[in-house]
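Below is one structure, written out as structure tokens, with a few remarks after it.
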Amino acid sequence: MSRKSGRGRKAGLLGLVLAGIFALLAVAGPWLPLPDPAAVDLGSRLEPPHWTEAPILGTDAKGRDLLARLVAGSRVSWTVGLLGSLVALAVGVPWGAAAGLAGGRLDRWLMRIADGLESLPLVVVVLFLLSLLGEYRAELAAVGIGRLQVFYLAVGLLFWLPTARVARAEAQRLRAAGFAAAAAAAGAGPVRIFLRHLLPNMAPALLVMLGVTVPRVILMEAFLSFLGLGVEPPAVSWGLLAADGLAALNPLVGCWWLLAFPAAALSLSLLGLHLIADDLRDRLGRG
Amino acid sequence: MDRPGPRLVGWLLAAACACAPPAADLVVANNADPASLDPQLVSDAPAGRVVSALYRGLTRLDSVRLTPLPELARCWRSEDAGRTWIFELRPHLTWSDGTPLTATDFAASWRRLVDPATGAPYRSWLDGLVRLEAEDRRLLVSFDRPQPTFPAMCAFHALAAVPPGVRSGRQEAGWVASGPFRLEARRIRDRVRLVANPRYWDADAVRLQSIDFLVVESQFTALNLFLTGQADYVPEVPALAVPALLRREEERRRRGLRPEFAPAPFLATYFLRLNVTRPPLDDPRVRRALALAVDRARLAATLGGGQPPAGSFVPPGMPGYRPPAEPVAGDPEAARRLLAEAGFPGGAGFPVFTLSYNSAEIHRDVAEALQAVWRRVLGIRLRLENQEWKVFLDGQRRLAYDLSRSSWIADFPDPANFLEVFRSGEPNNRTGWSDPEYDRLLDRAREESDPRRRLELLARAEEILLARGPILPLFFYASHDLVAGRLRDFPRSPIGWIDWGRVGIGDGPEEAME
Amino acid sequence: MKPLLRRLLAWVVVVLAVHACAFLLLRTARGGPFDAERELPPEIERALRAEYHLDEPLPRQYLRSLGGLLHGDFGPSMRYRGVAVRDLLLQGLPVSLAVGLGALVLALALGLPAGTLAARRRGRFDAAVLAASTLALALPGFVLAGAFVALFSFRLGWLPPAGLGGPRHLLLPALSLGLPCAAQVARLARSSVLEVLASPAVRAARAAGLPEGRILRRHVLRRALGPVIAFLGPAAAGLLTGSLVIEQVFALPGLGAHFVQAALNRDYTLALGATVLYTALLGLLSLAADLARRALDPRLEAVG
């Protein structure tokens, strides 16, 4: 859109920088000269930020380096955000594309199921599933499914519906444009049509969708970790760190850094991702 | 249609007012919501606090010496070397609804306690009951063995009389009471509101008109309520806040204000259960090695809550009992030697084992500290498993664990209350451990009528428990409660029992000490 | 009103399906509801299981549960012995409703004027609203809650940090819950007002020399409200997620706290009741939002 000029571009750039910083931290984490994020040092508990030397952002109640934990947390939060969103896309796109391409009765049924699911308090359902799955952890672990994998699936389950709708709209648009019919006339099967013709044409819309979904998943992870149903110690995520900080919030022991830094990391990443998504939407005009 | 605002605001105000009761004289941030107010059905500390204000037993415990004092019973005596106890109730006792409270109420309540259909967790307290007779104000109870601690046990709510309506199932517990307070209102997950019971025998001594027991599960929230003046009593503060609270206390003392925070010993032990049905924990040398590797003094110190390290299972402070304490500093050399003898020199070949604990900050701290210590000293790897409470208990019960975090809190001040837990086949044993010599010593203690000899036998049993037993005691609890400076008297005992009837409020909000 | 009827029917089907699924999931879960620190003798556990009909075959239990549901009765709670689940839900509901509606009112009261003004004025105010709403969207409710408690309770001492006791106690929870929602409302209102302002009808009205305020009231707001009201259904779902957390932060005895605890405590009947109630409420809310939108914008009627 032409209306969005200088300012929009600048906001998008800011978003790219913000999200990029934290994404970079997540990727480069293991190679940074930081202490072990799980190393307990009960001798130096609740050190305030020293800014220029060793515990740069201070330590937590068990003397663990907060900066190291934030970096480790960024890894988990971003991984959950990306993988959870990909799961959402992996479920939602074929669903929506099938509905949009096929049209008619199949479309009606698929969308009716989606409508039904939409009217569910899905968060409640996922909460439920996660707490129940905790009981079968040993069995799941035996087949190689850990807590985190369950978590990606659960979060994907929460967010696939909007993706399905976008994919359906795109598929309908492309169908109307005659893509599918042309390909089918050339003898291509539905899977081939989907992969070779639809997917590349949908890419911009899906990119916007991904941009919108990633921050939502990261936020959801923070919520669920907060309730004790997300990532578990010794693993860390921003949500867990912020929950720890918030749980310790009190007027007596002024350990503000425990809440402030994880909250800032989480919020700035979300802000960056939102700005990127907005910018993408403006540039690609869809989503 | 396009202005939903005003109507919504109206709704909101109506809803908000519906849930806003006026403030009570005393507000207690009472942790979890009591699942029941039936004195025979509750077994958790938060419910115990409420129930002890509602129902009174034949005796109550002196809050310092833990010896039994007359309460609903005026006096008592024993016959037959402590096998039979005869209580005489005070004259003219009534329930809060005005019906007379007699010895028959106690006899009927105790029959209800032992009835399996009641589902009472403390049913075993009356094990060995052979005779129970009530006549007006006289109550006679006989056991098939000496029960030297029975009058002290009578102070506990499980042995209080249950109102007739509750016994027959016609009425909810709490509304008719025998103690200094009765129930006025109850909102689940919000609060329990008690008001003074004018028919309590010692009603003149009761100075509070009403008490609110708030449901506040987060310790920090409870602390915040206290610090902002919204709560007067907090039973447990977060360990993290202890140093700051001690500093605050120092400051208060300088300004001549009443103390609000004074950590004191508490009759409870934090320990690990070791599953002896799983190798290599079936080898006593391995269990010993695990115990000796830990410097419990250091562990307790790093928790930072002022908890004393535990060299025994029974906490110190039981009247007349000296637990056979072992050194708490640990002995890494001996630990490594024992582990080598057991076939794991330097931890080589030792399987990865798991410590299960339920979600709570302190359990995580302890688990992580142990993980580090055993790795450093013994070269063995410990996996940590944080479990939700119900799953955790289920696993412990089914012996589906290697190591399991545990604690035991005294119900009445007697070592047998702790040691009987690990008798063979006892439901609460939950370790698979069984030792004939240990059981024999407990049996002999049960039959012993001389209190001193009895305690000696129990001490010998505890030595066995510590030397080859299935447990690793880590530290004793310290009470970390906060009592508002405006309260004048706050009688509380090291088993967490608070005499709500004798709590007094000062004149000013922050009254200075005389 | 055929579409309405169909949606009502769909609502019933969804509620029943959720009930059935939740019932099955909970009953197959490991870990009995009567665990406690101290062991229950087997005969007592049997007596308790019989009391809650856990000893019956599963289909019988399901039918019993379903029959109760039709009467709005979910049976006795398993953790709170002797208390009906219905009473528990009825006690929690006003608290959750008060917080949730408070948040919704705040969201509308802040978001609508901000969004409308931003669209009309553009320029600096618009930029400020956009920036503020982007920022608010990036702040999770519990972070806001922490900041508010630190400021208003600890620093200024104006409002209580937790608990229940009156409208004052509900202000911070509603604010923490409602602010991200307000940001979304503002953005929606802004874009839809912009769209309507650019429409031919408004241009015609302007050309006819109608006063700007009247155009705004008569033409713009009425049509621009549609998307905002349509958003209220999903917004209610978002508030619900948020309220689970907010109720925990502020120790409020609402439905959310019931639900999380019930799931953790294996209080089968209570968890079931809460899940079904949530589903029913959410369905009704989105239905109501839909109706309101139709009433506001008659053109939608035809689309059905």
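Line order of the protein sequences matches chains A, B and C. Each residue of the first sequence is one higher than the last, beginning at 1 in my numbering. Each residue of the second sequence is one higher than the last, beginning at 1001 in my numbering. Each residue of the third sequence is one higher than the last, beginning at 2001 in my numbering. Even for Gly, the Cβ is constructed at its ideal location relative to N, Cα and C.
- Around the beta-carbon of aspartate 1204 of chain B, fewer than 16 other beta-carbon atoms lie within 10 Å, marking it exposed.
- Only those residues of the region 1369-1389 of chain B whose C-beta falls short of 8 Å from the nearest C-beta of chain A are listed: Ala1369, Ala1372, Leu1384, Asn1386, Gln1387 and Glu1388.
- Nearest to alanine 1244 of chain B by C-alpha distance, out of A:Ala11, A:Gly104 and A:Arg45, is A:Arg45.
- The three-state reading of DSSP puts serine 1406 of chain B in strand, counting E and B together.
- Annotation: the region 1365-1432 of chain B contains the following complete segments of the beta strand (DSSP E) (minimum length 3 residues), in chain order: 1382-1387 and 1403-1409.
- When Cβ pairs closer than 8 Å are counted between the two stretches, the region 266-274 of chain A is seen to touch the region 15-23 of chain A, the count reaching three or more.
- From the listed residues B:Tyr1477, B:Trp1110 and B:Leu1061, the smallest Cα separation to proline 1263 of chain B is found for B:Tyr1477.
- Between threonine 163 of chain A and glycine 96 of chain A, the gap from beta carbon to beta carbon is short of 8 Å.
- Among the residues of the region 93-106 of chain A, none has a Cβ less than 8 Å away from any Cβ of chain B.
- In the DSSP assignment, phenylalanine 1475 of chain B forms a beta bridge with B:Tyr1270 and B:Pro1309.
- In the structure shown, histidine 2053 of chain C adopts coil according to DSSP, grouped into three states.
- Contacts between leucine 1223 of chain B and chain A, judged by CB atoms closer than 8 Å, involve Asn250 and Leu252 in chain order.
- A straight-line Cα-Cα distance of about 8 Å links alanine 2236 of chain C and serine 2286 of chain C.
- Taking 8 Å as the threshold, the shortest C-beta distance from glutamate 221 of chain A to chain B does not fall below it.
- Residue pairing by DSSP puts tyrosine 1357 of chain B in a beta bridge opposite B:Asn1386.
- Residue pairing by DSSP places isoleucine 1505 of chain B opposite B:Leu1487 in a beta bridge.
- Interface residue (Cβ-Cβ distance to chain A less than 8 Å): alanine 2237 of chain C is classified as such.
- Alanine 1073 of chain B: member of the beta strand (DSSP E) spanning 1073-1079, first to last residue.
- The region 1139-1149 of chain B makes no contact with the region 1160-1179 of chain B, as fewer than three CB pairs between them are under 8 Å.
- Between aspartate 1402 of chain B and phenylalanine 1353 of chain B, the CB-CB gap stays under 8 Å.
- The beta carbon of leucine 1339 of chain B sits closer than 6 Å to those of Ala1289 and Leu1378, all from its chain and outside the five residues before and after it, given in chain order.
- Taking a Cβ-Cβ cut-off of 7 Å, the neighbours of tyrosine 2080 of chain C in chain B comprise Ala1035 and Ile1188, given in sequence order.
- Residue-level contact check: leucine 241 of chain A does not touch chain C, since none of the beta carbons of chain C fall below 8 Å from its beta carbon.
- Valine 1050 of chain B: member of the alpha helix (DSSP H) spanning 1045-1054, first to last residue.
- Collapsing the DSSP output to three states places tryptophan 2158 of chain C in coil.
- Contact check for aspartate 1212 of chain B against valine 1028 of chain B passes: the beta carbons are separated by less than 8 Å.
- The beta carbon of valine 1192 of chain B sits no closer than 8 Å to any beta carbon of chain C.
- For the pair of segments examined, the region 110-123 of chain A was found not to touch the region 179-196 of chain A: the number of CB pairs separated by less than 8 Å stays below three.
- The C-beta of leucine 1140 of chain B comes no closer than 8 Å to any C-beta of chain A.
- Measuring C-alpha to C-alpha distances from alanine 28 of chain A to each of A:Pro55, A:Trp78, A:Leu199 and A:Arg281 identifies A:Trp78 as the nearest.
- In this structure, C:Gly2146 is the residue among C:Leu2282, C:Leu2291, C:Gly2146 and C:Leu2197 with its C-alpha nearest to the C-alpha of alanine 242 of chain A.
- Excluding five sequence positions before and after valine 1421 of chain B, the CB atoms of its chain that fall closer than 7 Å to its own CB belong to Trp1408, Asn1428 and Asn1429, given in chain order.
- Here alanine 1160 of chain B is buried: its Cβ has 16 or more other Cβ atoms, across all protein chains shown, within 10 Å.
- Rounded to the nearest angstrom, the gap between the Cα atoms of histidine 2219 of chain C and valine 2015 of chain C is 39 Å.
- With contacts defined as CB atoms closer than 8 Å, proline 1319 of chain B and threonine 1059 of chain B fail to qualify as a contacting pair.
- Excluding sequence positions up to five before and after aspartate 2073 of chain C, its CB lies within less than 7 Å of the CB of Arg2086, all in the same chain and listed in chain order.
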